[in-house]
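According to my numbering, the residues represented by the sequence shown are 421 to 586, in order. We treat Cβ as the ideally placed atom computed from N, Cα and C, and that holds for glycine. Please read these numbers as outputs of a predicted model, since none were measured by experiment. Notes for the one structure printed next.
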Amino acid sequence: MQNIEIKARYEDIELGRELALAIGARYQGELHQTDTYFHARTGRLKLREITGAQSHLISYSRPHQAGPKTSFYRIYPLEDAGLMKQMLEESLGIWRVVEKRRDLFLFDEIRIHLDRVQRLGNFLELEGVVSDPRRALEIREKVNKLICHFQISTADLIAGSYSDLN
């Protein structure tokens, strides 16, 4: 699976909510997520726990660049996140833990995340889900338009993951 995505510092979460609703994005709720990153030979490997929802093991790779980038990922649903976390910690070791509260909006195939990340601050993330590779350019253009709509400056774009900032 693949996404076209960006992440940016974004102090005014309330403005982000207003701008998301103004384009007709549908609010999906607030999620409390804990991402535990493990040492990995290539790419990233994290176990995502969401309060009140199923946990997932996620592996992904993407270039380290500040603008829109293509991320290739795999998601595996977990029945026993605690056991999986223990096994991965014992065999690979924990690299970082990132806790956040996320307001999730959906706009067509774009996921809009307004994140409040513990110890790091507020961020906006756009993830354009590319279900058909022939539409990758179209989705990248939508992401670029949303960067303008949300008034994100180039200086606020982040190259890496929250785990890199932690």
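Please go through the same chain and pick out, in chain order, the residues whose beta-carbon is closer than 8 Å to the beta-carbon of Q448, but skip the five residues on each side of it. The residue you call residue 448 lines up with position 28 of the sequence shown. L524, F525 and L526.
What three-state label does DSSP hand I426 in the structure shown? What you label residue 426 is simply residue 6 of the sequence shown in a count that begins at 1. Here I426 sits in strand by DSSP.
Thinking C-beta only, is E425 closer than 8 Å to K489? Counted from its first residue, the sequence shown places residue 489 at position 69. Counted from its first residue, the sequence shown places residue 425 at position 5. Cβ atoms of K489 and E425: closer than 8 Å.
G449 - partner residues in DSSP beta bridges: Start at 1 with the first residue of the sequence shown, and residue 449 comes out as number 29. BP columns for G449 point to L524.
Should Y582 be labelled buried (16 or more other beta-carbon atoms within 10 Å of its own) or exposed? On the sequence shown, position 162 is the one that residue 582 refers to. It is buried - the Cβ of Y582 has at least 16 other Cβ atoms within 10 Å.
List the residues that DSSP assigns as beta-bridge partners of V518. Counting from 1 along the sequence shown, the entry for residue 518 is found at position 98. According to DSSP, V518 bridges with D455.
Residue(s) in a DSSP beta bridge with E469: Locating residue 469 in the sequence shown gives position 49, where the first residue counts as 1. E469 pairs with T454.
Less than 7 Å between C-beta atoms, sequence neighbours within five positions excluded: which residues of the same chain meet that for G463? In the sequence shown, counting from the first residue as 1, residue 463 sits at position 43. Listed in chain order, the non-local C-beta contacts of G463 below 7 Å within the same chain comprise S479, Y480 and S481, local neighbours out to five positions each way being set aside.
DSSP state of L540 mapped onto helix, strand, coil: The count along the sequence shown starts at 1 and reaches residue 540 at position 120. Looking at L540 - three-state DSSP - the assignment turns out to be coil, as it is neither helix nor strand.
Boundaries of the beta strand (DSSP E) in which R437 is found, first to last residue: Walking along the sequence shown from the start, residue 437 turns up at place 17. Careful: R437 lies outside any beta strand (DSSP E), inside the alpha helix (DSSP H) at I433 to A442.
Cβ-based neighbour list, R560, same chain, cut-off 6 Å, excluding 5 preceding and 5 following: As a first step, residue 560 must be located in the sequence shown, where it is residue number 140. The residues are I424 and P488.
CA-CA distance, L557 and R461? In the sequence shown, the residue the question calls residue 557 occupies position 137. In the sequence shown, the residue the question calls residue 461 occupies position 41. Straight-line Cα distance between these residues: approximately 30 Å.
Measure the CB-CB distance between V537 and F543 and report whether it falls below 8 Å. For the purposes of this step, residue 537 is taken as residue 117 along the sequence shown, with counting starting at 1. For the purposes of this step, residue 543 is taken as residue 123 along the sequence shown, with counting starting at 1. Result yes, Cβ atoms of V537 and F543 sit closer than 8 Å.
By alpha-carbon positions, which one of R468, L435, K565 and H569 ends up nearest to R516? Within the sequence shown, numbered from 1, the residue matching residue 516 stands at position 96. The shortest Cα separation from R516 among R468, L435, K565 and H569 belongs to R468.
Quick one: grab the DSSP three-state call for P483. Taking the sequence shown and counting its residues from 1, one reaches residue 483 at position 63. It is coil, neither helix nor strand.
Short check: CB of K505 to CB of I530, under 8 Å? Looking up residue 505 in the sequence shown gives position 85. Looking up residue 530 in the sequence shown gives position 110. It is not a contact, given that the beta carbons lie outside the stated cut-off.
Looking only at DSSP bridge pairs, what is V549 linked to? If you number the sequence shown from 1, residue 549 lands on position 129. Paired residues: N423.
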